[in-house]
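Report on one structure; see the data block that follows.
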Amino acid sequence: MTDYVTRAGLQVYPALADLLETQVLPVLGRDVDAFWQGFASLLADMAPRNRALLAKRDELQAQIDAWHKGRAGQPHDAGAYRAFLEQIGYLVPEPAPFEIGTQDVDAEIATMAGPQLVVPILNARFLLNAANARWGSLY
Numbered sequence: 002m003t004d005y006v007t008r009a010g011l012q013v014y015p016a017l018a019d020l021l022e023t024q025v026l027p028v029l030g031r032d033v034d035a036f037w038q039g040f041a042s043l044l045a046d047m048a049p050r051n052r053a054l055l056a057k058r059d060e061l062q063a064q065i066d067a068w069h070k071g072r073a074g075q076p077h078d079a080g081a082y083r084a085f086l087e088q089i090g091y092l093v094p095e096p097a098p099f100e101i102g103t104q105d106v107d108a109e110i111a112t113m114a115g116p117q118l119v120v121p122i123l124n125a126r127f128l129l130n131a132a133n134a135r136w137g138s139l140y
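Numbering (the numbering used here), first residue to last: 2 to 140.
As C-alpha cells, this is what we get:
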C-alpha cells in the first residue's frame, strides 16, 4: 500500500509531490505552499460541480442503456435513436457560428494545432504515443 504525503489537506502521491516541489515549481518561480493551498482551494471549489456532472453522466447513461435494452432484437432506427438522444439532452442543437480567441493562451497551444493528450507518465509507451501524436514522430 502506498503511503501518501499531506499537502494543504490533500493526500498526494509522494513522487508527484517531490516532482512538483523540487523540479517544477522552483523553475516556474512559484511558492510551494501557495501552490498547494491554491490547488486544494480549486479542488474544493470544483468538486461539487464535478460530482453534479458525473451524476448527470450516470443519469444519461442509464437512460441510454434502458433505451437499448427496451429495443433488444429490433433493427436499429437511427432517426428514433437521434430523437431520443435529443429528447434526453444528450445531443443539443448546433450553436450559431462563433470564434474562439487565443489571447493569454500558451503559444504552443495557440499557434500549433494538434491533440493535447493526457497520459500516465509512468507508462513509457503511452507517453511516447502521446508525444508522437502531438509533435510528430520522435524517431
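C-beta: ideal position from N, C-alpha, C; glycine also.
Separation of residue j from residue i, as counted between CA atoms
i: Q62; j: P121; result: 26 Å
i: Y14; j: G80; result: 48 Å
i: D107; j: R126; result: 26 Å
i: T7; j: H69; result: 45 Å
i: Y82; j: E95; result: 18 Å
i: I101; j: W136; result: 23 Å
i: T3; j: I65; result: 38 Å
i: V25; j: A56; result: 34 Å
i: L129; j: L118; result: 11 Å
i: A111; j: T103; result: 6 Å
i: A35; j: L86; result: 44 Å
i: G90; j: M47; result: 23 Å
i: V28; j: D105; result: 20 Å
i: E22; j: P98; result: 43 Å
i: Y5; j: A53; result: 27 Å
i: A114; j: G71; result: 43 Å
i: I67; j: E60; result: According to the sequence provided, residue 67 is Ala. The question's Ile does not apply to it. For A67 and E60, the distance between alpha carbons rounds to 11 Å.
Continuous beta strand (DSSP E) stretch holding residue i: start and end
i: L11; result: 11 to 13
Residue i versus the options, residue with shortest Cα-Cα distance
i: D19; options: L29, G10, A9, V33; result: V33
i: R58; options: W37, A134, L92, V106; result: L92
i: G10; options: E109, L123, A45, A84; result: A45
i: A141; options: A132, L123, N133, A131; result: Here the chain covers residues 2 to 140 and nothing more, so residue 141 does not appear.
Opposing strand residues paired with residue i [DSSP bridges]
i: T7; result: Q12
N- and C-terminal bounds of the alpha helix (DSSP H) containing residue i
i: V28; result: 26 to 29
i: H69; result: 33 to 71
i: T112; result: 108 to 112
Contact between the region 35 to 52 and the region 67 to 82 (3+ Cβ pairs under 8 Å):
no
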